[in-house]
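Be aware that the sequence shown starts at 58, since it is given in the working numbering, and climbs by one per residue. We put the CB at the ideal spot given by N, CA and C, even for glycine.
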Amino acid sequence: MPIKLIMPAKQPLSYQILPNSCWPTCVMNALTIFEKNKAVNGIGFAEGMLRAVLKDDGVQSGWDWWYVLEAIAKRAGLKISGSEAHEDVAGLLRNLNFKNAVAICEVNRGGHSILLTDRDESGWLAGFDPSWDNIIEARKDIEKGMFSPKFELFPTVRQEEYGAVNIRVEQAYFLKERPQEGKYQIGPVSTRNITIIENIS
Numbered sequence: 058m059p060i061k062l063i064m065p066a067k068q069p070l071s072y073q074i075l076p077n078s079c080w081p082t083c084v085m086n087a088l089t090i091f092e093k094n095k096a097v098n099g100i101g102f103a104e105g106m107l108r109a110v111l112k113d114d115g116v117q118s119g120w121d122w123w124y125v126l127e128a129i130a131k132r133a134g135l136k137i138s139g140s141e142a143h144e145d146v147a148g149l150l151r152n153l154n155f156k157n158a159v160a161i162c163e164v165n166r167g168g169h170s171i172l173l174t175d176r177d178e179s180g181w182l183a184g185f186d187p188s189w190d191n192i193i194e195a196r197k198d199i200e201k202g203m204f205s206p207k208f209e210l211f212p213t214v215r216q217e218e219y220g221a222v223n224i225r226v227e228q229a230y231f232l233k234e235r236p237q238e239g240k241y242q243i244g245p246v247s248t249r250n251i252t253i254i255e256n257i258s
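Shown next, in the form of structure tokens:
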């Protein structure tokens, strides 16, 4: 009997290749989402710019990244903004309209970045974790019954989301300041960070 393949309606998002390249991979995935909708151009330009400032140990703080983001935003017709230390990251996320925007958030106490792309009526966030190792580790923890997380791996999605969503997480759980044992929580205020990419074209 031939195997029935479930093919994504659009190009799947990418997993990171380098150990510490989660944030730039999330940026590229965000641009891929907007390009699918014919909203941006210059994705090859963006990839080259991001690779030029990526260090072996990941994203370093400094102006280089913001110069790159400004150039990408101008070329692609997008607005890219980042949170400041004093800003209410939870409030920014709660009020975000995912119709024309996505968000890159730090989880695991600032140690990892994931892309959030949607929120449903029940208050669950949908997104893409670019770390395959992270996905495998979370799945093993679930199978061991180590905790009862309020998130799902590879949830059932619409065909147009297949390949673009590999996690769903309850927003209230995601925004907890004192994380439970587990993944996919933004944790203490001091480690919170959000990058919002909006289509303004």
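| Asked | Found |
| --- | --- |
| Apply the 10 Å Cβ neighbour rule to G139 and answer buried if 16 or more other Cβ atoms are within range, or exposed otherwise. | exposed |
| Please work out which residues of its chain come closer than 7 angstroms, Cβ to Cβ, to A195, disregarding the five sequence neighbours upstream and downstream, and give them in chain order. | L210 and K240 |
| On a Cα-Cα basis, can you pick out the residue from S179, K233 and F208 that is closest to S247? | K233 |
| Do you know how far the Cα of E178 is from the Cα of I137? | 26 angstroms |
| Using only alpha-carbon positions, find the residue among P245, A158, E144 and N223 that is nearest to Y88. | Reading off the sequence shown, one finds Leu at residue 88, where the question assumed Tyr. That would be A158, whose Cα lies nearest to the Cα of L88. |
| Going along the chain, which residues of its own chain have a beta-carbon closer than 6 angstroms to the beta-carbon of T252, five neighbours each way excluded? | G139 and I161 |
| If L172 sits next to G184, beta carbons under 8 angstroms apart, how far is it from one beta carbon to the other, in whole angstroms? | 5 angstroms |
| Here's a check: name, in chain order, each residue in its chain whose Cβ is nearer than 6 angstroms to the Cβ of R249, leaving out the five neighbours to either side. | V146 and I243 |
| Helix, strand or coil: which one does DSSP assign to S78? | coil |
| Under 8 angstroms between the Cβ atoms of F231 and L153? | no |
| Are D186 and F155 close, meaning C-beta to C-beta below 8 angstroms? | no |
| If you follow the alpha helix (DSSP H) that K197 is in, where does it begin and where does it stop? | W189 to E200 |
| Here's the rule: buried if 16 or more other CB atoms are within 10 angstroms of the residue's CB, otherwise exposed. What is R225? | buried |
| For L135 versus E255, is the C-beta spacing smaller than 8 angstroms? | yes |
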